[in-house]
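Below you'll find the structure, written out as structure tokens, and then a few comments.
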Amino acid sequence: MTGGTWKHAPGFYAGDRPQVVTSRFQYEDSYTLERYLATDGYKGLRSALARPANEIHDEVKNATVLGRGGAGFPAGNKWGLMPQGVWPRYLVVNGDESEPGTYKDRLLMERDPHQLIEGCLIASYAAGLSQCFLYIRGEMALAQERVAAALNEAYAAGYIGKNILGSKFSLDIVLHWGAGAYVVGEETALIESLEGNRGMPRLKPPYFPAANGLYGQPTIVNNVETLANLPWLLNNGAAAYTAIGTATSPGTRMVAVSGHVNRPGVFEIINGITTFRDLLYGDEFCQGIRNGNDLKAFVPGGGSAPWFTPDQLDLPFEASQVGPAGSMLGSGAIMVMDSTTDIPRAALTLTRFYAHESCGKCTPCREGGTWLERILSRVVDGKGTDADLDQIFEVGESICPGAFPHASNEKLGIAAVPFPYRMNTICFVGPSAYAPVHSALTLFRSEFDARIVKRTMIKVTAVSE
Amino acid sequence: MTTIDTTDTNDLPPQDPNAVSITINGRTVAARKGDLIIAAADSVDEYIPRFCYHPRMSSVGMCRQCMVEVEGPRGPMMVVSCMTPVADGQIVRTDTPQVKRAQEGMIELLLANHPLDCPVCDKGGECPLQDQAFSHGAGESRFVEEKRHYEKPIAISELVFLDRERCILCDRCTRFADEVAGDPLISFTQRGNNTQVMTFPDEPFASYFSGNTVQICPVGALTASPYRFKARPWDLEQRESTCTTCSVGCRTVVQSSRDELLRYQGVDSDPVNWGWLCDKGRFNFQSINSDDRLSTPQIKSGDTYAAASWSDALESVARVIRHSREGSVAILGGARGTNEDAFMWGALADAVGVTMRDAQLDDGLPESVFSYAQATIDSACAGGTVILLAPDLKEELPVLYLRLRDAVQKKKIRLIEISSHETGLTKYAWKSIRAESGTAAGVIPMLLAQADVSAQLSSGPVVIVAGRPNLAESASHTMDALSAVLAVAPSASVLPVLRRGNVRGALSLGLAPRNGNDAAAILEASAKGNVDCLILLGADPLSDVADIDLARRGIAGAKFVVAIDTFLTASASHADVVLPAAAYGEKDGTTMNLEGRVTSVVQKITPHGTSRADWMIAVELLTLLGHESNFTTLSDIQDAMSAAVPGFGTTTTAVAIKRDGVVVSVAPPSSAPAATSVAGPRNSYEFRLDLSRKLFDRAIGTITSPSLANLATEANVFIHPLDLDRVGAAEGTNVRVTNSHSSIVLPVRASSSVPRGTAWVPFNQIGADVRELIRRNESIIDVRIESM
Amino acid sequence: MARLTEENVRLAREIIGRYPKARSATIPLLHLAQEQDGYVTNEAMSHIGELVGASSAEVFGTASFYEMFKFEPVGKYLINICGTMSCALMGAEELMHHAEERLGIKMGSTTADGKFTLERAECQAACTEAPCLQVNYRYRYRVTPDQLDTLIDDLSAGTLSSEIPAHGVVASVRQHIPADRGVGAVAPETVTENPVWLDGKAAL
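Protein chains in written order, with the numbering used here: chain A, 1 to 465; chain B, 1 to 788; chain C, 1 to 204.
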């Protein structure tokens, strides 16, 4: 593979790295069936159908294909959680990409929809899923068009539908689309939305989708990128897959780096090895902080993730190291803040996002998220008091009881609190409203102190003496 | 034979494979697999605060108030106790600092946007949010921001107001509307901090069960117009009772202040109503407070009434009875009273030799319906098949509808419905067959012989719900249909659904017809001049008897009419003597629901004016008529009743005061076998008449309750849309409905719930009275419909 | 301002047919209604409720949860300017102020001629191309105030109408499952057995 960047894949830089899911990005017509077939397309499916389904499931398990949606749970294991003997089972593809900073699934859908379709077919064959729903974020018009066109082509050519390629395997893939609600990216909310309801998450347990998902049936919810890995995996085998990356984080993953860097971009990186320093400063990646400024902080794994500072630059893209350091890799989204950044305002931007995107179902998120936003907003406007800063932690405690994860900081002399957090909420949206302001206050308290009005103590003296 | 349910669910046999033992705050608690922690805690009075949890609805785990700590493999875990099932050996703590902090945190967050208008809020004083803010809150709010603002209470129906500022978004009302009532007319709308409960624009929350949402609202967001600003909870006194609006017998509390009834609330009786009430039963207390109530006895002279003393009025009645020819005294009614009322009037009738008596008004079924193996609501809902040969239960026995709907939704039972038009249960039925009036018995053998139906019937118990679906159709058609089902399913049991509150009690305890002299025969005899004294015991034949011509002739033919009632009804206004009766809530006693379940009804307020309980009137008449009477108190009557009525049981009235009462099995009075009717093919009149009741009509208890009075609709005739085309009338225009007896004019409406060839007219609505076309000697009624 | 047209009812039935339960089609049908009228009318919501077996209140409950659905007319071009983290770091606020000045309206409102509606949007998954915006859900990347002016000029002049359809149309390509190829959706409760290919043997 050769390095390169193309106008038709805005923001993507191939570099000289292995390309598991982006190999066709170089072709302008990469989304057509013709190009797909000319570049090993549907070969993985063919080879899968030539083997018993359980072997394919084992192949995926052996490759340890980590979920790319945020939680990082291995796909093969996830499929294995479905109860035996309960039918039908469904596949729901999570293409509702909307975590702040994340930009990868949209590219995969726009640039290589057949690869995703082939991944859906392989997964459904392997796990015995009888219908697939491809849920694409409502605002992604082009992705919807490309996937719709690809589905139409693939149906006509016999890759989807009844007796695929003349085999016993039959599957419908239904294109479904959302209508603008971040929380629907949470898998149980996605299922609610797919059932025609308000996208409000269900409580897990008992609503683990693998056991009790769409229409109450066993359901696999997989991220677009996760499934896009499967054709390559089938073509090249689990051994080739695990040869890339590390034992605990095999393969590659798509990472978007945005914000104050010289060259923001989307990169397919080697999992587990590439460090944040590589990504932010490396020549093949972002080529340093803009205007030669210093790095102040970065969000390592999407807007929900606690923040890192330059202290954490040498951590690799590896969950088992990022977690103990106080954050998460999440959806592969890094947002970079240089020394000019107004930290309280940046925190407000993210907290406002999660407060706005709360579904309203559970109390701590619905009330707490908005409360945090309003306090923070007052502080940013220079009207906050030191009591307001205390109150932020109090509201946070009602959303996430106990110590909240954050990074260590040598200058401040604080140690890391490892990920994950405990939560009083149904899903992670409430905690995500707290994470940015918690990180900002913990790591950059002085910037807040500089903004607030000190509480005036009024001394009351007794009149009668 | 008396059947007393002694099952105590807390008392688990030790060998129960579903028994689990958990520890809550160090106490060992016995529970069953599948129970939720919060329910297990409730069973031992370890109160866990909650807002969204309701034991009769699915858990949603939204308010997060009920978090507790459960010991887990990695130390204590916070879980919501309303969605976490018990597990053997589970260790639960509800009292740790972590739990307390979480509970205080939730209260603070819930109060963040909740207006502090408790002093002017109807819920203040009985508000779960207020109470738990005191018991589980931190005592102060640090929320200094501007609260959410919405337009203050908006009417979401004729009965319910919604104040979105007070709402804490617990999903109770919306879940109730969807899950329990099946009327999802309110929903969460918008999102996040802007989430609010709303109806669809211009579609009100017109559910028959809307009042329940007010009762279960944990704040003052939902209020009911009949109670708004009427009282403070601490001024209310209450007693537990049984609703007698219909024969389901829902448990209630009757609440009053300063001797005025102010509110009924549902009480959770497990075998009956699960805490729910219909809006008619909930709000018709207004009728009892009505200024139009009769307050003193009145004696007619000429065309006017003059107030009289009780002694004068009773003496004049006694005199008429004394001078009546043998066998010429008739008693109609009694189904609206208590068991004790019915028993005493039965005793009076026996003493005086009254052979003409009937608690029904030719609008129910022969009392032989009680002679089949009897089902209960629970047994009908437990499993197997339920066959409906009944009126629209949603309209007539609303809470029974809720129970059957629930059993279908939970996949416990399958419904087979045979009816002449769609009902509230049609969409929940496994099979719903349209049988034109008079033809049900004919289609049943074929229907039940179908392979899938036959397999279904043999897969489990069968319960037949039998009632009078159509007042323009002879009861014999229903009885024939019942026989036809029993011929195929002989081991089926029957749940009779006669509708008046204590009709089963009245028929069982002395007011069933003797020798076939039912209400129709009595009115016919009266029309022929054979009744010297007609006693209307809470009965209004002119409003209720389907053959209005017969009712008119019967009343007119009676030499002397006595009306014992709460209002001067259409029939009472023809009476020579009117005696004011104590109403529901004004007298103690017992009642018997459609299952034969005996429960208590209680006096909460002083009877209006000088009105008296029916039984007292009977006792006084007995004495005046020279019979020895030792009855001075209610318990005298109850003792006598227990002794005299086989099957009523000696402990029944003592057990009846318990919430769930007791099901008794009183031997049915002998009655003449119902004649079999054969309905011929529809004649040239083209439409077969179907006359059935809606929940809200012009019944006296409804029109004298201001909040319900406007809920009756205009009388219409409903026909199939294709029939509307055939008649050539436009929707809503007047048509002439005619047969050989009469002709009336009604607006016509198209309805696809009515099959072709059927003309459905709801009973007793505002407008022309379709009963003009009904003659009871015709077992079905055919009419012609012409555009005008 | 109406119920779905006959042609859209046909499309609606085709869409409903793809799901094991009709109610799943609610959101796609709401999009169809918005495509028809430019926004979602009350009549359309009631009609959708009839088609999928839900009450109007339930359809409204669902619809109002999602930001793309509008319940009153919006401009022909809905300009969504992203204001979330990466775009905020790269000058989204400035872009928004510029748009407000240029069009003479505040965020969240529509120009008097009904041509443009401005909205502040949340993350549009184009974070490396910040600041970004969408016009009727078609992207514009790394937008400068000057480029925004040009875009508005082009939209006003109609030179982009082939690329950017009027508000309501999201995707201009629809999925179509050929009758002879589709497996067909079945109600989950009617399925009791495992799929035929799960028999331990190869499918081909």
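Glycine is no exception: its CB is placed at the ideal position from the N, C-alpha and C atoms.
Predicted model, so just to flag it, every value in this text is computed and none were measured.
Asked	Found
Quick test of your reading: residue 347 of chain A and residue 440 of chain A, contact by CB under 8 Å. State the CB separation rounded to the nearest angstrom.	4 Å
Name, going along the chain, the residues of the stretch 45–69 of chain C whose beta-carbon falls closer than 7 Å to a beta-carbon of chain B.	55, 56, 57, 58, 60, 61, 64 and 65
When you compare only the Cα positions, how much space is there between residue 587 of chain B and residue 463 of chain B?	35 Å
In this structure, how does DSSP classify residue 113 of chain C when only helix, strand and coil are distinguished?	coil
In this structure, how does DSSP classify residue 251 of chain B when only helix, strand and coil are distinguished?	strand
Work out the CA separation of residue 397 of chain A and residue 359 of chain A for me, nearest whole Å.	20 Å
Does the stretch 86–102 of chain A come within contact of the stretch 231–239 of chain A, defined as at least 3 CB pairs closer than 8 Å?	no
What residues in the stretch 194–212 of chain B bring their beta carbon closer than 7 Å to a beta carbon of chain C?	199, 200, 201 and 203
With distances taken Cα to Cα, identify the nearest neighbour of residue 41 of chain B among B:98, B:69 and B:492.	B:69
How would you list, in chain order, the residues of chain C whose beta-carbon sits under 7 Å from the beta-carbon of residue 191 of chain B?	65
Run through the stretch 319–378 of chain B for me and flag every whole beta strand (DSSP E) of 3 or more residues, listed as ranges in chain order.	329–333 and 356–358
Given residue 364 of chain A, which residues of its chain have a CB within under 7 Å of its CB, disregarding the five upstream and five downstream residues?	398, 399, 424, 425 and 430
Could you check the C-alpha separation between residue 9 of chain B and residue 59 of chain B for me, to the nearest Å?	Caution applies to residue 9 of chain B, whose pLDDT of 49 falls short of 50 and renders its modelled position unreliable; the value that the coordinates give is listed next. Whole-angstrom Cα-Cα distance: 22 Å.
Tell me the rounded alpha-carbon separation between residue 21 of chain B and residue 268 of chain B.	26 Å
When burial is assigned at 16 or more other CB atoms within 10 Å of the CB, is residue 745 of chain B buried or exposed?	exposed
Who are the Cβ neighbours of residue 790 of chain B in its own chain at under 6 Å, not counting the five residues just before and after it?	Within the shown structure, residues of chain B are numbered from 1 to 788, placing residue 790 of chain B beyond reach of any answer.
Return the CA-CA distance between residue 756 of chain B and residue 774 of chain B, expressed in angstroms with no decimal places.	21 Å
Taking 8 Å as the threshold (C-beta atoms), are residue 305 of chain A and residue 104 of chain A in contact?	no
Going by beta carbon distance, what residues of the same chain come within less than 8 Å of residue 81 of chain A, once the five residues before and after it are set aside?	208, 210 and 211
Quick check on this structure: which residue in A:344, A:78 and A:310 has the alpha carbon closest to the alpha carbon of residue 187 of chain A?	A:78
Assuming residue 379 of chain B contacts residue 593 of chain B (C-beta within less than 8 Å), just tell me the rounded distance between them.	Not a contact, Cβ separation roughly 14 Å.
Whose C-beta lies closer than 7 Å to the C-beta of residue 155 of chain A among residues of the same chain, with five residues either side of it excluded?	161
Decide if the stretch 778–785 of chain B is in contact with the stretch 10–26 of chain C; the criterion is three or more beta carbon pairs, one per stretch, under 8 Å apart.	no
Would you mind reading off the limits of the beta strand (DSSP E) that contains residue 469 of chain B?	Run containing residue 469 of chain B: none; DSSP gives neither H nor E here.
For residue 200 of chain A, which option in A:214, A:215, A:183 and A:206 has the closest C-alpha, if you only look at C-alpha atoms?	A:183
Can you tell me whether DSSP reads residue 284 of chain A as helix, strand or coil?	coil
Which complete alpha helix (DSSP H) runs does the stretch 622–658 of chain B hold, if anything under 4 residues is left out?	634–644 and 652–655
What are the residues of the stretch 85–115 of chain C that lie near chain A, defined by any Cβ-Cβ distance shorter than 8 Å?	85, 86, 88, 89 and 90
Determine the burial state of residue 208 of chain B: buried for a count of at least 16 other Cβ atoms within 10 Å of its Cβ, exposed for fewer.	buried
Can you find the residues in the same chain that come closer than 7 Å, C-beta to C-beta, to residue 29 of chain A, ignoring five residues on each side of it along the sequence?	35
Quick one: what's got a C-beta closer than 6 Å to residue 271 of chain B's C-beta in the same chain, skipping five residues either side?	378 and 660
Where residue 3 of chain C and residue 103 of chain C are concerned, what is the direct C-alpha to C-alpha distance, given to the nearest angstrom?	33 Å
Just list the alpha helix (DSSP H) runs in the stretch 61–93 of chain C, keeping only unbroken ones of 4 residues or longer that don't cross its boundaries, in chain order.	85–89
Going along chain A, which residues have a C-beta under 9 Å from residue 200 of chain C?	52, 53 and 54
Pull out every residue of the stretch 112–141 of chain C whose Cβ sits closer than 7 Å to any Cβ of chain A, in chain order.	122, 123, 124, 125, 126, 127, 128, 129, 130, 134, 137, 138 and 141
Taking contact to mean 3 or more Cβ pairs, one atom from each stretch, closer than 8 Å, check whether the stretch 508–522 of chain B and the stretch 738–752 of chain B are in contact.	no
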